[in-house]
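Below you'll find the structure, written out as structure tokens, and then a few comments.
Residue numbers (my numbering): 116 to 354.
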């Protein structure tokens with residue numbers, strides 16, 4: 116039995132679909148952070164660590180402050196995810212909606228505060244906005260890591276891309292279940308592309324879309340999981 120089957124409150128198909136939606140959300144939010152908040156990622160920490168290394172070269176014109184802030188916020192979010200998982204993971208119908216509900220709330224809060232000019236989205240002070248968004252995506256990544264669905268991290272796609280190509284050569288035939296990897300790549304690409312285009316309209320619009328997508332995930336884990344549990348209970352009573 117896989118980790119997803121023991122931890123997720125919904126079926127494997129639903130779990131895959133919802134995690135692909137979170138991958139789309141990742142693309143949306145990283146489009147905002149990279150294009151508007153100072154060329155930094157709030158979800159893909161590999162890029163930030165690379166930026167820190169590049170900042171050692173004066174001609175790179177890379178400031179280390181913002182990547183460090185993003186890393187710090189991400190760590191805080193992952194710690195929150197760990198606490199929530201430790202408390203609720205034996206009851207996935209509470210754990211997953213709680214974790215993703217917190218993430219949706221934080222992203223929505225940033226969208227509202229950006230519209231109200233409370234959180235800066237340009238110029239000085241954007242580090243605060245970066246930190247808060249990084250907390251939200253840290254919660255997402257920590258929760259997905261604990262969920263442990265194979266080939267669906269919602270963030271890092273390097274291994275997914277390598278796996279699609281490498282496994283096809285090793286198997287010397289049709290790729291074994293490549294749809295998750297290809298779906299992750301497509302979802303991230305679509306999220307980043309949609310985010311980049313919608314930034315011509317409004318940064319808050321992109322974040323509102325990301326918050327809505329995450330809220331849908333939280334709601335589905337709660338409601339679909341409840342329906343599945345009720346069905347299982349009915350079947351047990353009828354035996």
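Where a beta carbon is used, it is the ideal one built from N, C-alpha and C, also for glycine.
Distance between beta carbons of residue j and residue i, contact taken as under 8 Å
i: residue 333; j: residue 143; result: No, residue 333 and residue 143 are not in contact; Cβ-Cβ is about 16 Å, not under 8 Å.
i: residue 215; j: residue 258; result: 7 Å
i: residue 253; j: residue 196; result: 7 Å
i: residue 307; j: residue 223; result: Incorrect: roughly 20 Å between the Cβ atoms, too far for contact.
i: residue 147; j: residue 312; result: The pair is not a contact, with the Cβ atoms about 12 Å apart (cut-off 8 Å).
Length of the line joining the Cα atoms of residue i and residue j
i: residue 358; j: residue 267; result: Limits of the chain in this structure are 116 at one end and 354 at the other, which puts residue 358 out of reach.
i: residue 300; j: residue 141; result: 11 Å
i: residue 128; j: residue 337; result: 15 Å
i: residue 261; j: residue 180; result: 29 Å
i: residue 169; j: residue 304; result: 25 Å
i: residue 174; j: residue 157; result: 24 Å
i: residue 328; j: residue 204; result: 22 Å
i: residue 339; j: residue 209; result: 12 Å
i: residue 296; j: residue 133; result: 14 Å
i: residue 302; j: residue 202; result: 31 Å
i: residue 163; j: residue 177; result: 10 Å
i: residue 335; j: residue 211; result: 10 Å
* To do: Examine the Cβ distances between the region 182-191 and the region 239-259 and report whether three or more of them are shorter than 8 Å.
  => yes
* Asked: Is the region 308-322 touching the region 225-233, taking contact as three or more C-beta pairs under 8 Å?
  -> yes
* Asked: What are the complete alpha helix (DSSP H) segments, minimum 4 residues, inside the region 180-254?
  -> 180-203, 207-230
* Asked: Between the region 232-242 and the region 149-161, do three or more beta carbon pairs fall short of 8 Å?
  -> yes
* Every unbroken alpha helix (DSSP H) inside the region 146-180 [4 residues or more] -> 160-169
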